[in-house]
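Protein chains in written order, with the working numbering: chain Z, 10 to 343; chain F, 10 to 343.
Just so it is clear, CB atoms sit at the ideal spot from N, CA and C, and this is done for glycine as well.
Data first, discussion second: the structure below is written as structure tokens.
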């Protein structure tokens, strides 16, 4: 089992997951990308279901046995999980060197049986299927009182940390609240205390009024380049209706969200030639009552630049692309 | 001039530096690494002094004109600076979309005239020369009341964000206090309020007692793998004597620091085959009176893994190498 450690000085949390370890000399090795529709040795391709742990969820239109072909989407535990479901959450704090047992979940959501279909090629129905499956897994994991947060993210392409061709989305449920989300919530609460409103709702109003950083707008969603984008072509997708968690938006939201998400990903794909990116859902931690002031959203962080010493050391980012120009360029490809 | 923007929701700062921009299609392009001692088109090689802005500092044992060959070390402004020296610091806060003019400094410290000498090959005298030059530039920049922080860092290798073979160290002076350092200071102050001591001094005591994460120890310095290392082989170099800023240690520290730094970099170089890394100095902001509880140190962050969606989204890191094992492996190469 892995171990979650806390740095005494900064309160920063780190999961020590040695099951994922390679030898130092292997770390830089890159598998060659392949382009076929089905790969014989890919654990996420139909026919290779035995190469993954037993599925926890799958959609099979035509029915069929678990862990057999014929599925449109499959969710399986990660083979090398950062966190594991068994055990109690124990806080070890021997005056120093605090750590927490690595209890949680780490699941892989295989979005499509097609080996080389990127997320921009899923189509609206495919994307809706992913969101529906995620909602089911969230519903299941949320019952677990040991868990504090469910991270839902997608690494696309090698510079974004993905070594696999076959597109997986990942879910990591943690017994700790994430540092970044806690910071966002603290700042949002401070704003709400001062102005009696949600800072994200105000952001939406300001961005719609300014217009110049908007990528696309639908009835329910806004895609835009944040004013202080950290990365070139950083793109946020945010619901116009206020809610602290995606589930708060209700099931009726899945189809409109799938439509807006696909349109956004396709614009990035077409404008930038299928760039590598990380896609991350930000929402309130479990059982954290911040409904008034937090506002869920999706952040898409293209990895067209490398965070270097200055960014890692200071937490200040250097971005070489003006968000207004990025938005104008993306709008041409919507 | 670039612009520093603040995100309303998180208070995160971003420097928008469009002078550094490439076209999106050029962003992934990689110049080929070369291995010769002198490169005819390298702006940091002797004979090519006209390819950089005029030097602000140089060491020439044999004397000689400014911006001519014969130097051991040269400091020049960055040709594409993230921040520029001219102008006032103006805060623009039109109710929303806060920004600050991009006043500051961005200098490049060319550590050696030898094109392909890595930082681990500088030798103790070479490293001491770098630290001496940095101290001179810090002394100069610190006089400027517009500045709040001086970041001193080194990007080594392409995965660490460096596109150049010829080793430069960089200095970026900012009119804002860095988010990360501010957080460190806030946590350190909280600890000091509770326990009336410095959390970093206590870390040194704990690590020396535990021993298992120590890489090397000299009379004045400790190199160790932090208990909650974010990256595989993350290595900190910290002075045993308490001081909030490097300058507080006095000029007598430069030679011992150069020795400890070279030994640490050489251990990483030999153990991991010249890995890419970011090296960053952490110290108190200018005119920030936190002498009791902050403690300067150097963080070396090898880029053997990629921060992906989970890390960027949550601020929680996943590290696949146990710090105790990393330390043991590095000790074999000291």
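Burial state of residue i, where buried means 16 or more other Cβ atoms lie within 10 Å
i: residue 296(F); result: exposed
i: residue 214(F); result: exposed
i: residue 284(Z); result: buried
i: residue 175(Z); result: buried
i: residue 345(F); result: Since the first and last residues shown for chain F are 10 and 343, residue 345(F) lies out of range.
i: residue 121(Z); result: buried
i: residue 39(F); result: Unreliable positioning characterises residue 39(F) in this predicted model, as indicated by a pLDDT of 39, which lies under 50. The coordinate reading is nonetheless provided below. Classification of residue 39(F): exposed, given that the 10 Å Cβ count is below 16.
i: residue 218(F); result: exposed
i: residue 101(F); result: exposed
i: residue 147(Z); result: buried
i: residue 89(F); result: exposed
i: residue 171(F); result: buried
i: residue 152(F); result: exposed
i: residue 35(F); result: Summary for residue 35(F): the model assigns pLDDT 39, below 50, so the residue's position carries little reliability; its value from the coordinates is reported in the next sentence. Residue 35(F) should be labelled exposed.
i: residue 199(Z); result: exposed
i: residue 45(F); result: exposed
i: residue 332(F); result: buried
Assigned secondary structure, residue i (DSSP; H/G/I helix, E/B strand, else coil)
i: residue 192(F); result: helix
i: residue 98(Z); result: coil
i: residue 137(F); result: helix
i: residue 270(Z); result: helix
i: residue 106(Z); result: coil
i: residue 123(F); result: coil
i: residue 303(Z); result: coil
i: residue 239(Z); result: coil
i: residue 43(Z); result: With a pLDDT of 48 at residue 43(Z), under the threshold of 50, the modelled position of this residue cannot be trusted; read the value that follows with caution. Here residue 43(Z) sits in coil by DSSP.
i: residue 223(Z); result: strand
i: residue 333(Z); result: helix
i: residue 217(F); result: helix
i: residue 3(F); result: Here chain F covers residues 10 to 343 and nothing more, so residue 3(F) does not appear.
i: residue 230(Z); result: strand
i: residue 8(Z); result: Outside the displayed span of chain Z (10 to 343) sits residue 8(Z), for which this structure offers no information.
i: residue 35(F); result: Below a pLDDT of 50, predicted positions are generally treated as unreliable, and residue 35(F), at 39, falls in that range; the measurement from the model is reported next regardless. Residue 35(F): helix per DSSP, three-state reduction.
Presumed contact (8 Å Cβ cut-off) between residue i and residue j, rounded CB distance
i: residue 157(Z); j: residue 186(Z); result: 5 Å
i: residue 321(Z); j: residue 287(F); result: 5 Å
i: residue 92(F); j: residue 182(F); result: 7 Å
i: residue 86(Z); j: residue 116(Z); result: 6 Å
i: residue 209(F); j: residue 59(F); result: Not confirmed; about 45 Å, so no contact.
i: residue 114(Z); j: residue 180(Z); result: 7 Å
i: residue 63(Z); j: residue 48(Z); result: The pair is not a contact, with the Cβ atoms about 21 Å apart (cut-off 8 Å).
i: residue 258(F); j: residue 244(F); result: That belief does not hold up - the Cβ atoms of residue 258(F) and residue 244(F) are roughly 19 Å apart, past 8 Å.
i: residue 261(Z); j: residue 227(Z); result: Their Cβ separation, rounded to whole angstroms, is 14 Å, which puts residue 261(Z) and residue 227(Z) out of contact at 8 Å.
Endpoints, beta strand (DSSP E) assigned at residue i
i: residue 61(Z); result: Element bounds for residue 61(Z): n/a, residue is neither H nor E.
i: residue 179(F); result: 177–183
i: residue 311(Z); result: 306–311
i: residue 327(F); result: 326–328
i: residue 244(F); result: 244–248
i: residue 67(Z); result: 66–68
i: residue 289(F); result: 286–291
Residues that residue i contacts on chain Z, provided the C-beta gap is smaller than 9 Å
i: residue 80(F); result: Result: empty, since nearest Cβ-Cβ is about 24 Å, beyond 9 Å.
i: residue 190(F); result: 322, 323, 324
Chain F residues whose Cβ lies nearer than 9 Å to that of residue i
i: residue 289(Z); result: 318, 319, 321, 322, 323
i: residue 183(Z); result: 323, 325
i: residue 270(Z); result: What residue 270(Z) touches in chain F: nothing, since even the nearest Cβ is about 15 Å away.
i: residue 302(Z); result: In chain order: nothing, as chain F lies at least about 10 Å away.
Residue i: contacting residues in chain Z (beta-carbon distance under 7 Å)
i: residue 119(F); result: Simply none; closest approach about 16 Å.
i: residue 100(F); result: Going along chain Z, no residue has its Cβ under 7 Å from residue 100(F), so there is no contact; the nearest lies around 14 Å.
i: residue 310(F); result: 321
Contact list for residue i against chain F, beta-carbon separation under 8 Å
i: residue 403(Z); result: Lying before the first or after the last residue shown, residue 403(Z) is absent from chain Z, which here runs from 10 to 343.
i: residue 169(Z); result: 315, 317, 318
i: residue 162(Z); result: 317, 318, 319, 322
i: residue 225(Z); result: Residues of chain F passing the Cβ test: none, with the nearest at roughly 18 Å.
i: residue 91(Z); result: 319, 327
Range of the contiguous alpha helix (DSSP H) that encloses residue i
i: residue 255(F); result: Neither: residue 255(F) is in no alpha helix (DSSP H) and is coded neither H nor E.
i: residue 86(F); result: Residue 86(F) -> not in any alpha helix (DSSP H); beta strand (DSSP E) instead, spanning 82–86.
i: residue 319(F); result: 318–323
Residue i: contacting residues in chain B (beta-carbon distance under 8 Å)
i: residue 105(F); result: Included in the structure are the protein chains Z and F, with no chain B among them.
Residue i Cβ short of 7 Å to the ligand COA heavy atom set
i: residue 52(Z); result: This structure does not include the ligand COA; it has no bound ligands of any sort.
Neighbouring residues, chain Z, relative to residue i (Cβ below 8 Å)
i: residue 187(F); result: 322, 323, 324, 325
i: residue 24(F); result: 325, 326, 327, 328
Per-residue contacts from residue i into chain F (C-beta, under 7 Å)
i: residue 130(Z); result: In chain order: nothing, as chain F lies at least about 19 Å away.
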